[in-house]
Structures are given as C-alpha cells and as structure tokens.
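Chemist:
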Amino acid sequence: MIVLKAPEEIEIMRAANVIVAEVLAELRAAVRPGVTTADLDRIAEELTRKRGAVPAFKGYCVAGRVYPAALCASINDEVVHGIPSASRPLREGDIIGLDYGVIYRGYYGDSAITVPVGTVSAQAEELMRTTREALEAGIEAARPGRRLGDLSSAIQAHAESRNFSVVRDFVGHGIGKRLHEDPQVPNFGQADRGIRLREGMVLAIEPMLNAGGPEVELKEDGWTAVTSDGSLSAHFEHSVAIIEGGPYVLSCL
Ligand code: MF3
Ligand code: CO
Numbered sequence: 048m049i050v051l052k053a054p055e056e057i058e059i060m061r062a063a064n065v066i067v068a069e070v071l072a073e074l075r076a077a078v079r080p081g082v083t084t085a086d087l088d089r090i091a092e093e094l095t096r097k098r099g100a101v102p103a104f105k106g107y108c109v110a111g112r113v114y115p116a117a118l119c120a121s122i123n124d125e126v127v128h129g130i131p132s133a134s135r136p137l138r139e140g141d142i143i144g145l146d147y148g149v150i151y152r153g154y155y156g157d158s159a160i161t162v163p164v165g166t167v168s169a170q171a172e173e174l175m176r177t178t179r180e181a182l183e184a185g186i187e188a189a190r191p192g193r194r195l196g197d198l199s200s201a202i203q204a205h206a207e208s209r210n211f212s213v214v215r216d217f218v219g220h221g222i223g224k225r226l227h228e229d230p231q232v233p234n235f236g237q238a239d240r241g242i243r244l245r246e247g248m249v250l251a252i253e254p255m256l257n258a259g260g261p262e263v264e265l266k267e268d269g270w271t272a273v274t275s276d277g278s279l280s281a282h283f284e285h286s287v288a289i290i291e292g293g294p295y296v297l298s299c300l
C-alpha cells in the first residue's frame with residue numbers, strides 16, 4: 048500500500064532529510080586517507096543527536112538481522128550496507144559510498160553519496176559521475192502523471208549508455224513513517240509501465256552502478272554486498288517528494 052503524504056508531512060520529511068544532507072556534507076569533508084569508517088560513523092551519530100534526530104539504520108531489522116551501526120560505508124567493490132570498521136583506514140584512490148538515514152519528528156530521511164579518497168582513477172571518477180547523473184535522470188521523471196517505469200528506465204538508460212551496469216538485487220523505495228514503504232523503485236525497467244506517480248508520494252531513489260557486471264553477493268558479515276566480479280561500484284540516493292510542478296528533492300542542502 049502506497050501512503051500519500053500531506054504537504055505538512057512533506058515539510059517534516061524535508062527537515063529530516065536536511066539533517067541527513069548536513070551529516071553527509073560533514074562526512075564528505077572528513078573523508079581523507081587514514082580516516083576509518085568507524086570515525087565517520089561516530090561523526091554521523093554525534094551530529095544527528097545534536098540536531099535532535101535519531102540514526103535510522105542502527106538497530107534496523109532486515110530478515111531477522113539487526114544492522115549494528117548508524118552509517119553504511121561501502122568501499123570500492125562494496126555496493127551497499129558496508130559496516131563501519133575501526134581496522135580499515137581509507138587509502139588514497141578508494142571510493143566510498145556513504146549511505147545515511149535519520150528519524151526526525153516521526154519521519155525518515157534517507158540519502159547517499161559516493162566520494163573519492165584523494166585522487167582516484169579516471170574510471171572511478173566516471174562511475175561516480177554517471178551514477179549521480181543517473182539519479183538526476185530518475186528524479187527528472189518523478190512527476191505527477193508519469194509512471195514508475197519512466198523513472199526506472201531513465202536511470203537504466205543513462206547507466207548503460209556509459210557502459211556501466213545497474214544492480215538488480217537492491218532497489219529504491221517509498222519512505223515516510225517507515226524507512227521502506229511501497230512502492231519498490233527499481234533502477235531498471237520499461238517506460239510507460241508500472242504505477243502512475245501521484246502527488247504526495249515520497250520516493251527514495253537510489254541507483255547502484257557497477258563498472259563490471261550487475262551481479263552482487265553478500266559477504267560473511269551478512270550485510271556487506273560486493274560485486275561478484277570485484278569491480279568498482281557507486282551509489283547515490285535522494286528522498287524525493289512528487290508534488291505539483293515537479294520533483295521536490297528533500298535531501299539536498
Ligand atoms: N539507504 C539504505 C536503504 O534504503 C539503507 C538501509 S541500511 C539498513 O535500504 F541497515 F538500515 F538496512
Ligand atoms: Co534507501
């Protein structure tokens with residue numbers, strides 16, 4: 048069931064997502080060689096609590112497993128849900144996906160960026176740029192009257208036009224009083240198919256692109272998804288409200 052949000056609810060979700068955006072900006076500035084993802088996790092949780100919000104992912108339950116940290120930090124071939132660690136300092140040339148969520152006044156905010164650690168390869172730069180552009184292409188289609196497949200296919204078309212592959216095993220989602228609401232928002236699909244987008248829907252749109260094939264597998268920790276072929280992966284996410292006049296990106300500063 049898709050829960051439509053009233054304008055007042057969308058403004059609360061805007062406030063929740065601004066906190067997420069502030070945290071991600073702070074984390075981006077903290078990323079450099081030698082920093083650990085556990086350091087980043089601590090920064091994120093502290094800033095969140097200072098803003099009167101609560102980290103959304105810590106203690107979140109998926110299929111009977113409890114996520115142990117505030118931040119998801121996914122390095123290089125890690126696609127999503129990398130668990131912060133104090134034992135793996137970032138190195139020059141890494142790329143790191145930072146996926147963050149909060150709960151504020153009863154509503155969720157959710158956004159992700161992928162950033163370089165120092166100078167990275169041309170391929171890594173292109174993968175990050177293309178993933179950001181694919182997200183923008185999806186957002187552009189998030190308008191009342193368009194269909195979900197328009198959004199999904201816009202993301203896929205942009206990714207594949209640059210010879211990157213779209214991860215199938217994880218998708219975006221509706222968001223509101225729960226982190227994951229209907230509908231699922233795939234990053235692949237066909238234009239003119241799927242549900243009709245309506246005013247008051249709020250979607251977390253989150254393309255994950257791989258430099259190699261689309262296949263992913265789960266590491267031993269039960270959370271970290273990695274590319275099966277070891278290729279680089281990038282992830283960007285915005286929470287977007289569908290309102291009259293076009294997409295309202297809630298998670299930008
Ligand atoms: N942005 C991710 C998502 O939408 C983060 C969830 S991590 C979890 O699914 F631990 F909370 F599951
Ligand atoms: Co999400």
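Heads up, the sequence shown is in my numbering, so the first residue is 48 and it goes up one at a time.
Using N, Cα and C, we set each Cβ at its ideal position, and we do this for glycine too.
Name the residue from 129, 79 and 167 whose alpha carbon lies nearest to the alpha carbon of residue 272.
Modeler: 129
Chemist: Should the segment 229–246 be called in touch with the segment 188–203, which here means at least 3 C-beta pairs below 8 Å?
Modeler: yes
Chemist: Using alpha carbons as the reference points, say which of 298, 64 and 205 lies closest to residue 180.
Modeler: 205
Chemist: Tell me whether residue 242 is buried or exposed, calling it buried when 16 or more other Cβ atoms sit within 10 Å of its Cβ.
Modeler: exposed
Chemist: Compare the C-alpha of residue 109 against each of 185, 150, 295 and 227 and name the closest.
Modeler: 227
Chemist: What would DSSP say about residue 237, mapped onto helix, strand or coil?
Modeler: Coil at residue 237, not helix or strand.
Chemist: On the three-state DSSP scale, how would you describe residue 76?
Modeler: The answer is helix: DSSP assigns residue 76 an H, G or I state.
Chemist: To test your reading of the DSSP string, which unbroken beta strand (DSSP E) runs of 3 or more residues are found completely within the segment 93–127?
Modeler: 119–122 and 125–127
Chemist: Residue 97: which of 67, 291, 60 and 297 sits nearest, CA to CA?
Modeler: The candidate whose alpha carbon is nearest that of residue 97 is 67.
Chemist: Say yes only if the C-beta of residue 114 is nearer than 6 Å to one or more non-hydrogen atoms of the ligand MF3, and no if none qualify.
Modeler: Residue side-chain check: residue 114 places its Cβ nearer than 6 Å to a non-hydrogen atom of the ligand MF3.
Chemist: Are the CB atoms of residue 122 and residue 90 within a distance shorter than 7 Å?
Modeler: no
Chemist: Provide the residue span of the beta strand (DSSP E) that contains residue 255, from first to last.
Modeler: 255–257
Chemist: Have a look at 120, 267 and 49 and flag the residue whose alpha-carbon is nearest the alpha-carbon of residue 164.
Modeler: 120
Chemist: Please list, in chain order, all residues of the same chain as residue 95 whose beta carbon is under 8 Å from its beta carbon, the five residues on each side excluded.
Modeler: 66, 70, 101, 102, 117 and 149
Chemist: Near residue 146, which residues of its chain fall below 6 Å by C-beta distance, leaving aside the five closest residues on each side in sequence?
Modeler: For residue 146, where only same-chain residues beyond five positions count, the Cβ hits under 6 Å are 119 and 159.
Chemist: Smallest Cα separation from residue 300: which of 156, 138, 211 and 124?
Modeler: 156
Chemist: What would DSSP say about residue 277, mapped onto helix, strand or coil?
Modeler: In the structure shown, residue 277 sits in coil (DSSP, three-state: anything other than H, G, I, E or B).
Chemist: From this set, 297, 125 and 291, which residue's C-alpha is nearest residue 268's C-alpha?
Modeler: 125
Chemist: Name the residue from 266, 253 and 111 whose alpha carbon lies nearest to the alpha carbon of residue 323.
Modeler: In the structure displayed, the chain extends from 48 to 300; residue 323 sits before or after that span and is not available.
Chemist: Kindly identify the DSSP beta-bridge partner or partners of residue 243.
Modeler: Residue 243 pairs with 194.
Chemist: Counting beta carbon pairs with one atom in the segment 72–90 and one in the segment 168–188, are three or more of them shorter than 8 Å?
Modeler: no
Chemist: Nearest by alpha-carbon distance to residue 244: which of 259, 177, 218 and 186 is it?
Modeler: 186
Chemist: Assuming residue 175 and residue 281 form a contact by the criterion Cβ under 8 Å, report the distance between their Cβ atoms to the nearest whole angstrom.
Modeler: 5 Å
Chemist: Whose CA, out of 178, 190, 80 and 177, lies closest to the CA of residue 365?
Modeler: Limits of the chain in this structure are 48 at one end and 300 at the other, which puts residue 365 out of reach.
Chemist: Write down every uninterrupted run of the beta strand (DSSP E) in the segment 144–204 whose length is 3 residues or greater and which is fully enclosed by it, in chain order.
Modeler: 154–163
Chemist: Can you grab the Cα-Cα spacing for the pair residue 214 / residue 132, in whole Å?
Modeler: 24 Å
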